[in-house]
Amino acid sequence: MAHFEKANSIGEWFDQRLATKTLERVLAKEYWIPKDINFLWAMGMVLAITFGILLVSGIFLLMYYQPNVDTAFDSVNYTIMQEVGFGWLWRHVHAVAASVVFLIIYIHMFTGIYYGSYKKGREIIWVSGMLLFVAFSAEAFSGYMLPWGQMSYWAGMVITNLFSMGSLEMNGVVEWIRGDYVPGQAFLTRFFMLHVLLIPVAILALIGIHFGALRIPHVNNQNGEELDYEVEAEKYKSGNKAASKVIAFANDFMSKDMFVVAVYLIFFFYLTFWNYSFAMDPVNFDPADGLKTPAHIYPEWYFLWSYEILRPFSKDIGLLAFAFAQVIFVLLPWLDRSPNAVPASRRGLFKYWFWIMLANMIVLTTMGKLPPEGINNTIGLVSALLFIGQWLALPFVTMFEKKV
Amino acid sequence: MKEFIVLGVVVFFSVLTYWLVEPFAHGQMHKHVDSHQFQYADLPAVTKQGDATAGKDLVMGAGACSGCHSIEADGVPAMMEPDMAAASYGVNPPDLSNAGAIYDAKFLTDLIKNPAHALKVEHKFDPASGAMHPMVPFYGAGGDMDQEVADMVAYLQSIAVKPSEVTSKMAFENACGRCHAMKYANWTQMGETPNFKYKKDALRYEARVLDYQDSLKKYMGKLPPDLSMYTRSRNHHFLSTFIEDPQVHLAGTAMPRVGVTADGADKVLTYLEEIGDPSKANGDRDRIGMYVMIFSLIFAIFAYLWKREIWKDLH
Ligand code: HEM
């Protein structure tokens, strides 16, 4: 038994047992963040808040949702939307947050790519971030099954079909995933489990890893400047805050984050109340009908670019291209051969690589939604090839970059 | 300032993406159909002034309307229960009490003379091939036929409530309710489902609804969909132009052009919204939205002040 003195305050009592003062120092008061950053560095906090919103609204929905093929649609569209007080509000909040979270994820990702924040010690941050992207994708997809509307059913059908691996015709795997020949009760209940238990737990764990991975390399800054944290921290602690190139996580960084979060919430609630159809597809308000294929089947907007990489090719090549697109971002820290972790604007050819990648992914996103006919097919094919080509070219584009 | 340029870039790409996948893509996916404000320009103009008293005699007599339709406002009960009527005609002929207020006069005039033409279902009912529309056309009572028709329309208008008194529920039940169920309004093609004390009565009633739907399926080729959620699954413009003329959206469809007035169509759409999305229809969404916006704004102001306070020493 260790020796404990009698505590003189509640704070001290906890400190003796949990080392709260040390934690506060390491995680907040002396967790140094560069001063030279812009609002894009608040996107992580915006994501954490959005996840919190999803969690809370999801718990409220969970109290009335019924994972049964006969009652799911009505439990959402009637019970929650009409009978439960403010049920409609929670549902709109949940659905809009599920869509907007991807907008923020993409901004967050492209910020990382632009500023080179994925290498020189930051590889684990990047990889855990990509795993979060995958987990959120799975979370969103499984959630989309739950209202059991036409898009739930048909998107469930199309996406699970991909696991037959094209010409390998592994239909057994598809049936194993569905628990049936077609999406039905077994399918709905297991996606319900994934959506409310397994994937959220995985997300929480990944968020922990992601945050933990940030502590040692610190976040990057607007100029890619390498800071001597010891020296800068000393300046800060000696009271010369203005001259120091670092600020404390709390409350310096937090106070700015909270302002960005507040502005974001204005935007978020505007969408929730007045402009939500981008997040709640009208087609999904038709109940699931296995005998009636919708005129246009398309995924939610955030999956469109990878869907379009699948679509313009023949079955097997399309699947390979799709698989490539799913994993390739994870490898970015190793495909980028340059010694620089500075903004793209200071990096020669990579600058063009970045903007072309961004523009091309918007083109792919658009084409993924348009009906696959006429000129759309050609544009889609060219864009998909460009996407793959850009990734293959990345090592060569960055190899000859001079150290800045 | 640099931060604003960065913000500008982020906003630009986000808005561009939004515009491309929403307004632009949907514009490409769905056929564009213009509304004609429920003018029914293809139907001949009404030339005669009708006389309601003469019209009443025709409706009850030579016109034979009351042989198939109830007119409860004037004491004419239904000849048959809805499911039996559906078994005879394919669908239960609607009560005509308020037809004069809900349907367009030009449309009614044409409907009486040639139902399949007014309803735009001539592709299904071609007298030459023996497929007759279940509503028999009025062939005239011996006088000036146009005058007789105008009299009947005048009569229907005289017994109906004033158009401004038509409620959204009435509009839906009259114009759509014989074909479309509306689960969230407790409505089937048989009407509002009563509460039963005994389960066997409820089951008997349900069986009759199924019989009705079978007749309707035979008549229409398919069961018309439940409209509970159509206010969310289709946009307002689609629904409005679809009611005006289903054929321009779904060429060859069995759904008739119902011939409601512009006001009647508006009321039907209001009803769909009241049933399918009540928090929008009753203004809750706008109201609570405003409160939340005001709250967020105040939160943002305080967040800004806090930031300024803390960053005072950092610059
Ligand atoms: C642990 C947290 C969560 C819980 C308990 C939860 C719970 C639920 C429930 C019960 C539903 C069905 C009701 C409905 O469809 O509105 C639902 C729907 C949905 N969820 Fe979640 N959810 C959680 C997190 C998330 C996250 C992180 C995402 C996405 C990134 C997400 C995306 C969705 C989507 C897209 C729907 C369908 C929304 C709709 O069309 O109505 N959920 N969720």
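Chains as they are written, first to last, in the working numbering: chain A, 63 to 466; chain B, 423 to 737. Each residue gets a CB set at the ideal place from its N, CA and C atoms; glycine is no exception.
Contact set between the region 307-329 of chain A and chain B, restricted to residues whose Cβ is under 7 Å from the partner:
From the region 307-329 of chain A, only Ile309, Asn313, Asp314, Ser317, Lys318, Met320, Phe321, Ala324, Val325, Leu327 and Ile328 have a Cβ closer than 7 Å to chain B.
Look at the alpha carbon of asparagine 596/B and the alpha carbon of alanine 521/B, and state the distance between them as a whole number of angstroms.
Taking the first residue of the second sequence as 1, we reach residue 596/B at position 174. Taking the first residue of the second sequence as 1, we reach residue 521/B at position 99. The alpha-carbon separation between asparagine 596/B and alanine 521/B amounts to approximately 8 Å.
Give me the DSSP bridge partner(s) of tryptophan 396/A.
One-based indexing of the first sequence puts residue 396/A at position 334. The partner list for tryptophan 396/A (beta bridge, DSSP) is empty, contrary to what the question assumes.
In chain A, what lies closer than 8 Å to phenylalanine 435/B by C-beta?
Numbered from its first residue, the second sequence carries residue 435/B at position 13. Ordered by position in chain A, the residues that pass the 8 Å Cβ test against phenylalanine 435/B are Leu420 and Ile424.
Using a Cβ-Cβ cut-off of less than 7 Å, give me the residues of the region 620-638 of chain B that come near chain A, in sequence order.
Listed by position, the residues of the region 620-638 of chain B near chain A (Cβ gap below 7 Å) amount to none.
Closest Cβ-Cβ distance between histidine 358/A and chain B: below 8 Å?
By 1-based counting over the first sequence, the position of residue 358/A is 296. With a threshold of 8 Å between beta carbons, histidine 358/A makes contact with chain B.
Neighbour flag for valine 158/A against chain B, beta carbons, 8 Å
Taking the first sequence and counting its residues from 1, one reaches residue 158/A at position 96. Residue contact with chain B for valine 158/A: absent (no Cβ-Cβ distance below 8 Å to any residue of chain B).
With DSSP collapsed to three states, give me the class of valine 432/B.
Translated into the one-based positions of the second sequence, residue 432/B becomes position 10. Looking at valine 432/B - three-state DSSP - the assignment turns out to be helix.
Can the beta-carbon of phenylalanine 311/A be found closer than 8 Å to that of tyrosine 726/B?
Mapped onto the first sequence, residue 311/A falls at position 249. Mapped onto the second sequence, residue 726/B falls at position 304. Against a cut-off of 8 Å, the Cβ pair of tyrosine 726/B and phenylalanine 311/A comes out as no contact.
Alanine 357/A - DSSP class collapsed to helix/strand/coil
Residue numbering aside, residue 357/A sits at position 295 when the first sequence is read from its first letter. Correct three-state label for alanine 357/A: coil.
Checking contacts by CB at 8 Å: is asparagine 617/B closer than that to chain A?
Reading the second sequence from its first residue, position 195 is the one you call residue 617/B. At a cut-off of 8 Å between C-beta atoms, asparagine 617/B does not count as an interface residue with respect to chain A.
Simplified DSSP assignment, three categories, for valine 146/A:
Numbered from 1 along the first sequence, position 84 holds the residue referred to as residue 146/A. Reduced to three states, the DSSP call for valine 146/A is coil.
I'd like the span of the alpha helix (DSSP H) that includes tryptophan 417/A, first residue to last.
Taking the first sequence and counting its residues from 1, the one referred to as residue 417/A is at position 355. Tryptophan 417/A: member of the alpha helix (DSSP H) spanning 411-431, first to last residue.
Only counting runs of 4 or more residues, tell me where the alpha helix (DSSP H) segments fall wholly within the region 304-350 of chain A, in order along the chain.
Those alpha helix (DSSP H) runs which fall completely within the region 304-350 of chain A and span 4+ residues are 316-336.
Looking at the secondary structure, which residues open and close the alpha helix (DSSP H) in which proline 504/B lies?
Taking the second sequence and counting its residues from 1, one reaches residue 504/B at position 82. Note, proline 504/B: alpha helix (DSSP H), 504-511.
Have a look at the DSSP bridge pairing and note the partners of tyrosine 525/B.
Translated into the one-based positions of the second sequence, residue 525/B becomes position 103. Per DSSP, Val682/B.
Outcome for asparagine 402/A when other beta-carbon atoms lying within 10 angstroms are tallied against a minimum of 16
Position 340 of the first sequence, counted from the first residue, corresponds to residue 402/A. Burial state of asparagine 402/A is buried, judged by a 10 Å Cβ sphere holding 16 or more other Cβ atoms.
Beta-carbon within less than 6 Å of threonine 663/B's beta-carbon, same chain only, minus the 5 sequence neighbours each way: which residues are those?
Walking along the second sequence from the start, residue 663/B turns up at place 241. Once the five neighbours on either side are set aside, the close Cβ partners of threonine 663/B are Val455 and Ser457.
Go through its chain and collect everything with a Cβ distance to leucine 429/B's Cβ below 7 Å, but skip five positions before and after it.
Numbered from 1 along the second sequence, position 7 holds the residue referred to as residue 429/B. When the five nearest sequence neighbours on each side are left out, no beta carbon in the same chain lies closer than 7 Å to the beta carbon of leucine 429/B.
Can you pull the chain A neighbours of lysine 644/B, defined as C-beta to C-beta under 8 Å?
Within the second sequence, numbered from 1, the residue matching residue 644/B stands at position 222. Under the 8 Å cutoff, chain A gives no residues; its nearest Cβ is about 10 Å from lysine 644/B.
So which residues of chain A does leucine 541/B contact, with C-beta pairs closer than 9 Å?
In the second sequence, residue 541/B corresponds to position 119, counting from 1. Ordered by position in chain A, no residue passes the 9 Å Cβ test against leucine 541/B, which lies about 25 Å from the chain.
Between which two residues does the beta strand (DSSP E) holding isoleucine 95/A run?
Taking the first sequence and counting its residues from 1, one reaches residue 95/A at position 33. Segment 94-96, the beta strand (DSSP E) holding isoleucine 95/A.
For cysteine 601/B, the first and last residue of its enclosing alpha helix (DSSP H):
On the second sequence, position 179 is the one that residue 601/B refers to. Premise fails: cysteine 601/B is in no alpha helix (DSSP H) and is neither H nor E.
Compare the C-alpha of lysine 465/A against each of Arg409/A, Phe458/A and Met419/A and name the closest.
Within the first sequence, the letter at position 403 stands for residue 465/A. Here the closest residue by C-alpha is Arg409/A.
What are the residues in the region 709-725 of chain B lying within 7 Å of chain A by C-beta distance?
Residues passing the 7 Å Cβ filter: Ile710, Gly711, Val714, Met715, Ser718, Leu719, Phe721, Ala722 and Ala725.
For the alpha helix (DSSP H) that contains histidine 448/B, what are its first and last residues?
In the second sequence, residue 448/B corresponds to position 26, counting from 1. For histidine 448/B, the enclosing alpha helix (DSSP H) has its first and last residue at 447-451.
If I follow the unbroken alpha helix (DSSP H) through isoleucine 437/A, where does it start and stop?
Along the first sequence, read from residue 1 onward, the residue named residue 437/A stands at position 375. Its alpha helix (DSSP H) spans residues 437-461.
Any beta-carbon of chain B closer than 8 Å to the one on asparagine 70/A?
Position 8 of the first sequence holds residue 70/A. Any Cβ of chain B closer than 8 Å to the Cβ of asparagine 70/A would place that residue at the interface, and such an atom is absent.
Under 6 Å Cβ to Cβ from alanine 406/A, same chain only, skipping five residues before and after it: list those, please.
For the purposes of this step, residue 406/A is taken as residue 344 along the first sequence, with counting starting at 1. Correct list, in chain order: Tyr176, Phe412, Lys413 and Phe416.
By the 10 Å Cβ neighbour count, where 16 or more other Cβ atoms means buried, how is serine 718/B classified, buried or exposed?
Against the second sequence, residue 718/B aligns to sequence position 296. By the 10 Å Cβ count, serine 718/B comes out buried.
Could you tell me whether the region 649-661 of chain B touches the region 345-356 of chain A, using the rule of 3 or more Cβ pairs below 8 Å?
Three or more Cβ pairs drawn from the region 649-661 of chain B and the region 345-356 of chain A lie within less than 8 Å of each other, which places the two stretches in contact.
Determine whether the beta carbon atoms of valine 235/A and alanine 722/B lie at a separation below 8 Å.
Locating residue 235/A in the first sequence gives position 173, where the first residue counts as 1. Locating residue 722/B in the second sequence gives position 300, where the first residue counts as 1. The answer is no: Cβ separation not under 8 Å.
Considering only C-alpha positions, which residue in the set Arg626/B, Gln461/B, Ser701/B and Leu736/B is nearest to alanine 687/B?
By 1-based counting over the second sequence, the position of residue 687/B is 265. Ranking Arg626/B, Gln461/B, Ser701/B and Leu736/B by Cα distance to alanine 687/B puts Gln461/B first.
Rounded to the nearest angstrom, what separates isoleucine 390/A and tryptophan 453/A at their Cα positions?
Here residue 390/A corresponds to residue number 328 of the first sequence, with the count starting at 1. Here residue 453/A corresponds to residue number 391 of the first sequence, with the count starting at 1. Isoleucine 390/A and tryptophan 453/A: Cα-Cα distance of roughly 8 Å.
Does the CB of valine 428/B have a neighbour CB from chain A at under 8 Å?
Taking the first residue of the second sequence as 1, we reach residue 428/B at position 6. Using beta-carbon distances, valine 428/B counts as an interface residue toward chain A, with a partner under 8 Å.
What is the residue span of the alpha helix (DSSP H) that isoleucine 186/A lies within?
Your numbering for residue 186/A matches position 124 in the first sequence. 185-207 is the extent of the alpha helix (DSSP H) around isoleucine 186/A.
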